[in-house]
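The structure under discussion appears below in the form of structure tokens.
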Amino acid sequence: MVSSSRMLGLSFGLIVANVATLSAFIPQQNLFLSRRSGQKLAYEINATATSGSSEGLANEARTVVKAFNEPPVKIQSRLEEIQQTIERGENLTQDYCDTTLGLCVAAEQWECVIDVLEQMQKQQMTQERSTFRMCLQQCFEVGNGASALEILQAMEQALIEPQPDDIGLVAAAMCRNNRKESGWWKRALDLLLKNPSPDVPIDAYDAVLACLVDERNWKESIKLLRRLEQPPKNKKRMLPKPTLATYREVIECCVAGNQVEQGVQILDKMKKRGIKPTVYTFEIVISGLARKLQWRRALQLLDTMDEYGVNKTVPIYNTLISACARGKEIGVAKSLLARMKKEGIWPSIITYNSLISSCASAGRWKDAMNLFDQCNRDPHVEPDIYTYTNVIRACSKGKMTERAFTLHDTVLEKNIPLDSYFYAAVIEVAANARQWKRALELLDEMEEKGVPPSDVVYSLTIKACGNGGKWQSALNLLEKMRSKGMRINLITYNAAIAALAKAAKRSAKYPTGRPWRPQEPDSGKICFWVRAIELLDQMKKDNIKPDGFSFSSAISCCGAEGRWQEALALIDLMKKGGPRTQPNRVAFTAAIDACGRSGEHMHALWLFRNMTNNGISADRVAWNTLFHGFRVANKPDLAYELWGEMRKAANTTDRITAMPDHQKPTPDIITVTDVIATLAKSENQVDQDRVDEVFAEAVNRGIIFGSHLDSVWEVDLSGLSLPVARAACRFVVNRTRQKVEDEGEDVKDLHFITGVGAAFGQGQGRKGHASTTADKSSKSQSLRDYVQKEVLLGDLNIKSTIPKLAQGTVTIEREVLAKWIERRQ
DNA sequence: TTAGGGTTAG
């Protein structure tokens, strides 16, 4: 009787706690809840809450209603079973009652708790230690830490001393609450430490550690491990010993907390303590290292696994291979493939896919193809959609357009399940091959096959349209996305603006060396710059912040249409934006170009200075763009001055060798071409002399003639523009004179290769120049004629002949050259 | 437990 009333006391306590929660919502009501009144109350709360009070109250009311729902079927049937047993006059077993009670407590079905307790009382059954234990067990099963804690309190009230197992159960139950509500681990740990015993199951501590993994709290986990490892000095052990699982949790915690190195150290510690890690333990650390691309360190662990005698697995190798692959260590990755095969661990399709993917992204398409062949020969694996996607990407890099399309057909034939990644790869091939029609067809095919196009697919299709000059289709695709209710993201918008920029440039047909005057917006022609700005507005409406890409493409639309003022305004807009839209090098360069092409060389120069003053160093493209502006505006003095400045920058910039080539502020053939063209146009003799000076410097730097400077008897002029070719001829004949006079070399035939078809339209001249459309062979012929007539006969007054067979080559015969040298003396 | 994507400037 006594213990029965104690148990009733416990259940009252729990119910009172619940009423307290409820009365927080309805303070005026103070109720003892019978099942019926509870339901009624819940109904009332729900009614008042949904009839217009706050959202928060409504939600809480719903929770309460849920709490008063009918007990789960499992409990109900158990209650019925108890009822029937008593009706039949049979005896209930303790265990059955304990379990039922536990289920009720865990489910917070307090009415049922009372029912069971009443039945137990009728049966003269008391609440044993087993009753409490079962309640705790059930609370643990469903992860009800709060009820478990209350049971623990009830035990104390009932003067039943909790055992280490009970403490462990409560703590573990509490930890299960941590996912929903952070902080439970701390309470659980407090409980464990307040009841120290080496007999508390280590699982309870492991449960705390698992919470710490979720919270990436590596510091706390290491602290706890230390506590478990070593009892305080000269004292006997008060906490359970850490096990393999404990160490694993701590390691996982370190890795989750981005402290992989800590994880490795703990792995070492395990060795000292004689605990053998499992494959899984290694996997956590290896994948952690892999994520940080520390493949070397990960490789060491592979050897450690051998030392421990832990079997390596395919996923371990795959993780490592992909780490190497992402770290651009394709050689190492391939050697790992060989190593695993040698060890009898057969590569899976994932292994091949990782490797092929890395080759594809590194542009090593030959390696990718090789691996694809290996994969096809390997009877253990079957290429899947990943494989084909990556091989197609490799083809794309290798410009093997047709091969990629054939692979696409193969996938369809093989009925391999398709996805949007696959189509993205194929469409990218079409985009790079300027096959906009095909890209659109592929998009249709996707829809036909029931593969929903992703935003990436749309971006790439838009890029394909842009590359094909189909800006209208690009904009249509944007509309299509919108009508489908897809959110158009930054990159997709950027692809569309880029499409406009490309179309603008294509239709611009810049004049060389002359200012370009704008079309007025209302002149009936399409204004790309207007559309680009419209898109920027659209982005704003969609709450998407344009970035450097968006702006620089819009600026180059302006540049192509002579809208230099609008370009300046966009730069200004960028400056006013957030840190992510601050004008970068590309945006500045595009604006410099816009001004420069419009003959606004001072604005171009101002932008250039403004850029460097803002801490953005000029790269080669920026310099060249400014030079081009000076050329358009016919400013030989400024061009020469800037040339000097650029040489200085090229000589003084630190760590220049560490820069990617295009970032270096060193002059290239384009720089030299623009500087020389600008100087050569001047009537001034000083400028004419500067042409030769600049040219000599260009040769010194290896910009012209490359490493073939020594073979002055055969000089390649192909790819040089007319003014540069003229300077080149002067330079070469003077050089030969030096060779003969100063160095005593014999005079030989001097050949100028002017190239067949290679002189104009490709190397020389900008995209969009009129020369690209001209017949190449006739152009190269003109360089040949130019060298012959204008330079040799005109400038240098050397009479030479054009051999019949060696088309494109102008030869000065040795006798002619010898006479010329003599005359010069 | 392990594998995949897109945008810019001379």
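Taking full-length UniProt numbering, the leading residue of the first sequence gets 1, the next gets one more, and so forth.
The beta-carbon is built from N, C-alpha and C at its ideal position, and this holds for glycine as well.
Residue range of the unbroken alpha helix (DSSP H) whose run includes residue i
| i | result |
| --- | --- |
| His601 | 601-613 |
| Thr100 | 94-106 |
| Thr673 | 669-680 |
| Ile555 | 548-560 |
| Thr126 | That residue, Thr126, is in no alpha helix (DSSP H); it is neither H nor E in DSSP. |
| Lys223 | 218-229 |
| Leu626 | 620-632 |
| Cys527 | Counting along the chain, Cys527 falls outside any alpha helix (DSSP H), and DSSP gives it neither H nor E. |
| Gly466 | 455-467 |
| Asp661 | Per DSSP, Asp661 belongs to no alpha helix (DSSP H) and is neither H nor E. |
| His380 | Taken as a continuous stretch (DSSP letters only), His380 belongs to no alpha helix (DSSP H), as it is neither H nor E. |
| Leu302 | 295-308 |
| Ser617 | No alpha helix (DSSP H) contains Ser617, which DSSP labels as neither H nor E. |
| Tyr317 | 314-326 |
| Gln153 | 145-157 |
| Glu566 | 564-576 |
Delimiting residues of the beta strand (DSSP E) encompassing residue i
| i | result |
| --- | --- |
| Ile753 | 750-753 |
When the options are compared against residue i, the one with the closest alpha-carbon
| i | options | result |
| --- | --- | --- |
| Cys175 | Glu141, Pro196, Leu159, Pro198 | Glu141 |
| Val213 | Lys223, Pro231, Val250 | Val250 |
| Val314 | Met340, Val332, Ala146 | Met340 |
| residue 867 | Lys74, Glu448, Arg631, Asn494 | For residue 867 there is no data in the structure shown, the boundaries of the chain being 1 and 825. |
| Ala639 | Gln685, Val694, Thr612, Phe132 | Val694 |
| Lys122 | Asn91, Trp110, Cys139, Cys135 | Asn91 |
| Arg403 | Gly344, Val391, Glu413, Lys414 | Val391 |
| Leu796 | Cys729, Ser130, Ile753 | Cys729 |
| Leu299 | Glu382, Asp95, Leu336 | Leu336 |
| Thr612 | Leu189, Leu490, Leu573, Arg585 | Arg585 |
| Phe405 | Asn415, Pro417, Tyr423 | Tyr423 |
| Ile167 | Leu225, Gly145, Arg179 | Gly145 |
| Leu412 | Thr85, Glu445, Val429, Ile544 | Glu445 |
| Leu302 | Arg291, Ser322, Lys292, Val279 | Val279 |
| Arg647 | Phe630, Gln138, Val675 | Val675 |
| Leu500 | Gly398, Trp218, Val530 | Val530 |
| His408 | Val429, Lys399, Gly398 | Val429 |
C-beta atoms of residue i and residue j nearer than 9 angstroms
| i | j | result |
| --- | --- | --- |
| Thr723 | Thr673 | It should be pointed out that residue 723 corresponds to Pro in this sequence rather than to Thr. Yes. |
| Gly466 | Ala496 | yes |
| Ile385 | Tyr352 | no |
| residue 829 | Ser221 | The structure shown does not extend to residue 829, since the chain is modelled only from 1 to 825, so the question has no answer here. |
| Val310 | Pro347 | no |
| Met125 | Cys97 | yes |
| Ala439 | Ser396 | no |
| residue 826 | Ser354 | The shown model of the chain, from 1 to 825, leaves out residue 826, and the question about it has no answer. |
| Phe731 | Val699 | yes |
| Val740 | Ala818 | yes |
| Gln94 | Ser130 | yes |
| Gly599 | Val621 | no |
| Leu169 | Leu136 | yes |
| Asp746 | Thr811 | no |
| Ile533 | Glu566 | yes |
| residue 829 | Phe551 | This structure gives no information on residue 829, because the portion of the chain shown stretches from 1 to 825. |
Collapsed DSSP secondary structure at residue i in the structure displayed
| i | result |
| --- | --- |
| Glu714 | strand |
| Phe810 | With the sequence shown as reference, residue 810 is identified as Val, and Phe is not the correct amino acid for it. Val810: strand per DSSP, three-state reduction. |
| Ile798 | coil |
| Ile349 | helix |
| Phe705 | coil |
| Glu815 | helix |
| Glu743 | coil |
| Pro71 | coil |
| Lys233 | coil |
| Ala728 | helix |
| Leu239 | coil |
| Leu289 | helix |
| Gly331 | helix |
heavy atom of the ligand PLP below 8 angstroms from residue i C-beta
| i | result |
| --- | --- |
| Cys253 | The ligand PLP is absent from the structure shown, which contains no ligand whatsoever. |
Hey, is the stretch 115-125 in contact with the stretch 137-155, meaning 3+ C-beta pairs nearer than 8 angstroms?
no
Check whether the stretch 169-188 touches the stretch 153-161, counting contact only when three or more Cβ pairs, one atom from each stretch, lie closer than 8 angstroms.
no
Do three or more CB pairs link the stretch 550-558 to the stretch 593-609 at distances below 8 angstroms?
yes
Decide yes or no for the touch test of the stretch 658-667 against the stretch 715-729: beta carbon pairs closer than 8 angstroms, at least 3 of them.
no
Kindly confirm or deny that the stretch 235-250 and the stretch 196-214 touch, where touching means at least three C-beta pairs closer than 8 angstroms.
Yes: the two stretches touch, three or more of their Cβ pairs being nearer than 8 angstroms.
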